[in-house]
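Engineer: Just dropping this structure here.
What follows is the structure in structure tokens.
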């Protein structure tokens, strides 16, 4: 069985698109081949800055012949039905066969397809793959109409077996498939003829092209860490950067250089960000953790072992860092004189056209942070001060240049402004958590401002009706809601979210005449909470049961309740009591419906007949007292443990006692007793919502 | 390949680029005689990228970015600088090789340097234009923008133009090994009257920095903006047929001059700090509307290959 090799050779493909493109090429081509009946043994996709490559092993040399029978309409069916059938089969009426069926004569179509040679199928599939390629952005060039990520120069497409290689007859927009490729743009630009994948891979390597992106990344990382190690240094790991750099070179050559002494005082984050964003350098730190060197990755070897390249890169770095140093020194000057002037400047920056300027938002957050502070153990005045400077760095030159340093610079600048370390840390920490895996701040001041920030965001966008829909969440409101949840739960803070949303509403006032719908926003947060708790192993029905209880917007309380309930349901007593509860509840509901009354009067213990019923009354008295005490201290575990002891008496009651007694007084008393069981349980958890 | 002898001055680099692109068949044009923010604004690029007619032009374009003024102190930031611009339509299949040849022509030895094409998609909100391409790096420094124009003034580019933009000062500083732009030899450093870049531009950088940032009359500028906008619309509203000659004369270029003017006035207002963030978008939108109207007019003309 032959092997297939395809290479699409173009001008430089953006690094961020290469990996996905190699996968897409593999998927589009193999799917197309299989659909046409060409199965294969294995397939692998590769990418470099200038090529997408697909190697397929053990492909069928031709597609198998197929024969398909399709049953059509009855021979006496209306003409319309027959026409539709002919259209769908692509046959004419005289090609159909009439056969006897249970209900009379029916038309049958026999569609036979001849096997086709692989090369013919490949040409069709490849053309479709190229024309429908899902590039994130594609373009035209010259006078042509074909779209590709950058101009496509050549297509290599060969089938090879023991007998040798043959070029697949294929042409797209004037580009005819061949059996040649090119090596490195500068080091080996001449055409290279290849006979199969192994030959191709080996010849590219000797023409200074490493085909596999993983191999290139490995070489870069290996060489960089070795060079650093030799000088007693460490390369700062950055997988994203490594993948990107591997997509910028075909022949990686790592070079290490020193950062000028003038720049070593810059914060590590600034050095790292500037080097990474502008120049795609890796940062290298010394044993004290200071960033002192960099590694750049060139795309070629040179006679001077990279000396010219390294010197050039060092020069560019110095110019960049001189800019950064200029920003840093200017910013420090402003911060030391009056850091709040930066907040005032944010009056000119629109946060959202319906939600005012960033400065207005900061003022709202500071007011809300005051209200939240006592609930999370922070000082209200300090929380207000911290909120007012937390976003000041958005006006700084450094953050203008590197937006990703927001908060980080804020902390440095707040320290320079001689604010306390706790207040300074708020600048960095109030943005957290930035994602599901990001840290959650624990310092009370940071928690207060972080919560105020997120609640203001949510309340604002709810008021102007810009809620997330489907996969669209342009203002990252789901992330904000999850942030609120994690901040509250991680710190075990006791606060009612509804009240805080109301407070945020009050502080902001109506927008376009509207306030945020508190219960709708609470529901949104609860939906995020369900997902969050389910990931932590808490059952959906348990969360629902907990949400149905009062004060469910106190998330810490809610989770405590849910966890206790899940533990309770995991015990034998708990499971059985839940069944007993449901039985009591159902009998009661049926009776109430039938009788048209509510049996909610207290049952009279004097009417209890026999020891089992008496025991249930006694058990209820004892358990209710225990539950009341436990619930007062929010000790759900104890309350549920007490509730679980009802299992024996309740089971025995259903075993021995007839609820629907003939004596109407006894019956009524027993129904009232069931109500008491039900109410006692419902006071602890809404067991009606538990599945099973 | 033999390494080319290194140039010794800023002007030699320009002259070599001119000679190189002339040899490759480009018409060497003169800079446009108006204040523009970048070489792309020259009608030889903006308008000629539209329509079906083939085109090949190269030119130096002095450009102004008032907000980048640093009184001549910053080693590589200037409010007035030069771009070298090449536009070829349709983009030839060997444009990358042609471009690399131009770097060799100015003395960059490909065997010693690391040249890279790094993704950088170009978009000009004021021109309603975008294209895909790269910034070209030489040893980690951006030396050019390389763009395949896809749309200009809201019109699809068919055929597609290939555009090359070289930041001349930065590129020359690198090739000449100069650290501060003002120290760069402008003419032959061994000439009897040797001039540096600073001899020619240091004082003007100071003067314009002061004017741009603090002195330009914002009320007058605001009025200029409105006037240019109104004049552009008035020109384009004129009948296609000129009553005097009885010929069809669509005045796309005079109208486009007003668009250029509005764009530069906007940049000046921006430098004076009188445009808020929200207003910014609105101003950019107004300039874009002018650029689109000019493009709409140009594509109906003979220069765009329209059948008149």
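Residue numbers (the working numbering), protein chains in the order written: chain A, 272 to 963; chain B, 2 to 309.
For every residue, glycine included, the Cβ atom is placed at its ideal position computed from N, Cα and C.
Smallest Cα separation from residue 782 (chain A): which of A:736, A:417, A:415?
Structural biologist: A:736
Engineer: Does the beta carbon of residue 516 (chain A) come closer than 7 Å to any beta carbon on chain B?
Structural biologist: no
Engineer: Note down, in chain order, each residue of its chain lying with its Cβ closer than 8 Å to the Cβ of residue 32 (chain B), except the 5 sequence neighbours on either side.
Structural biologist: 43, 60, 61, 62, 63
Engineer: Between the Cα of residue 859 (chain A) and the Cα atoms of A:839, A:940, A:893, which residue gives the shortest distance?
Structural biologist: Residue 859 (chain A) has its Cα closest to that of A:940, out of A:839, A:940, A:893.
Engineer: Counting only the same chain and skipping the five closest in sequence on each side, list residues whose C-beta sits under 8 Å from that of residue 283 (chain A).
Structural biologist: 320, 321, 421
Engineer: Using a beta-carbon distance below 7 Å, is residue 227 (chain A) in contact with chain B?
Structural biologist: In the structure displayed, chain A extends from 272 to 963; residue 227 (chain A) sits before or after that span and is not available.
Engineer: Once DSSP output is grouped into helix, strand and coil, what is the label at residue 508 (chain A)?
Structural biologist: coil
Engineer: Mind listing the chain B neighbours of residue 534 (chain A)? Cutoff is C-beta to C-beta under 8 Å, in chain order.
Structural biologist: Ordered by position in chain B, no residue passes the 8 Å Cβ test against residue 534 (chain A), which lies about 15 Å from the chain.
Engineer: What does a CB cutoff of less than 8 Å around residue 467 (chain A) pick up in its chain, not counting 5 residues either side in sequence?
Structural biologist: 274, 276, 429, 431, 436
Engineer: Tell me where the beta strand (DSSP E) around residue 798 (chain A) begins and ends.
Structural biologist: Per DSSP, residue 798 (chain A) belongs to no beta strand (DSSP E); it is in the alpha helix (DSSP H), 789-806.
Engineer: On the CB-based measure, 16 or more other CB atoms within 10 Å of its CB, does residue 936 (chain A) come out buried or exposed?
Structural biologist: Exposed: under 16 other Cβ atoms inside 10 Å.
Engineer: In terms of residues, what are the limits of the alpha helix (DSSP H) holding residue 842 (chain A)?
Structural biologist: Neither: residue 842 (chain A) is in no alpha helix (DSSP H) and is coded neither H nor E.
Engineer: Listing by chain order, which chain A residues have their CB less than 9 Å from the CB of residue 135 (chain B)?
Structural biologist: 282, 283, 285, 421
Engineer: Are the beta-carbon atoms belonging to residue 152 (chain B) and residue 123 (chain B) less than 7 Å from one another?
Structural biologist: no
Engineer: Against residue 149 (chain B), what residues of chain A qualify as contacts under a CB-to-CB distance less than 8 Å, listed in chain order?
Structural biologist: 410, 411, 412, 421, 422
Engineer: Who are the Cβ neighbours of residue 848 (chain A) in its own chain at under 8 Å, not counting the five residues just before and after it?
Structural biologist: 914, 915, 917, 918, 921, 952
Engineer: Quick one, which of A:820, A:374, A:288, A:395 has its alpha-carbon nearest residue 302 (chain A)'s?
Structural biologist: The residue with the shortest Cα to Cα distance from residue 302 (chain A) is A:395.
Engineer: Are the CB atoms of residue 595 (chain A) and residue 545 (chain A) nearer to each other than 7 Å?
Structural biologist: yes
Engineer: Compute the distance between the beta-carbons of residue 474 (chain A) and residue 481 (chain A), then report whether it is under 7 Å.
Structural biologist: no
Engineer: Name, in chain order, the residues that DSSP records as bridge partners for residue 87 (chain B).
Structural biologist: B:59, B:165
Engineer: Starting from residue 580 (chain A), find everything on chain B with Cβ-Cβ shorter than 7 Å and list it in chain order.
Structural biologist: 114, 115, 140
Engineer: Just to confirm, is the Cβ distance from residue 686 (chain A) to residue 695 (chain A) under 7 Å?
Structural biologist: Yes.
Engineer: Can residue 308 (chain A) and residue 285 (chain A) be called in contact, C-beta distance under 7 Å?
Structural biologist: Between residue 308 (chain A) and residue 285 (chain A), the gap from beta carbon to beta carbon reaches 7 Å or more.
Engineer: Would you please verify whether the beta carbon of residue 290 (chain A) is less than 7 Å from any beta carbon of chain B?
Structural biologist: no
Engineer: Around the Cβ of residue 48 (chain B), are there at least 16 other Cβ atoms within 10 angstroms (buried) or fewer (exposed)?
Structural biologist: buried
Engineer: Taking residue 34 (chain B) as the query, report the chain A residues whose CB atoms sit under 8 Å from its CB, ordered along the chain.
Structural biologist: Going along chain A, no residue has its Cβ under 8 Å from residue 34 (chain B), so there is no contact; the nearest lies around 32 Å.
Engineer: Please report how far the alpha carbon of residue 557 (chain A) lies from the alpha carbon of residue 506 (chain A), in whole angstroms.
Structural biologist: 9 Å
Engineer: Any beta carbon from chain B within less than 7 Å of residue 550 (chain A)'s own beta carbon?
Structural biologist: yes
Engineer: Is the Cβ of residue 587 (chain A) closer than 7 Å to any Cβ of chain B?
Structural biologist: yes
Engineer: Go ahead and pull the three-state DSSP assignment for residue 809 (chain A).
Structural biologist: coil
Engineer: Could you have a look at residue 54 (chain B) and say whether DSSP puts it in helix, strand or coil?
Structural biologist: coil
Engineer: Suppose the cutoff is 6 Å on Cβ atoms and the five residues either side in sequence are ignored; what does the same chain contact list for residue 786 (chain A) look like?
Structural biologist: 734, 776
Engineer: Taking the beta carbon of residue 662 (chain A) as the centre, do at least 16 other beta carbons fall within 10 Å, making it buried, or is it exposed?
Structural biologist: buried
Engineer: From the beta carbon of residue 601 (chain A), is the nearest beta carbon of chain B less than 7 Å away?
Structural biologist: no
Engineer: Ignore the nearest five residues each way along the sequence and tell me which others in residue 765 (chain A)'s own chain have a CB closer than 8 Å to its CB.
Structural biologist: 646, 825, 827, 828
Engineer: Taking the beta carbon of residue 866 (chain A) as the centre, do at least 16 other beta carbons fall within 10 Å, making it buried, or is it exposed?
Structural biologist: exposed
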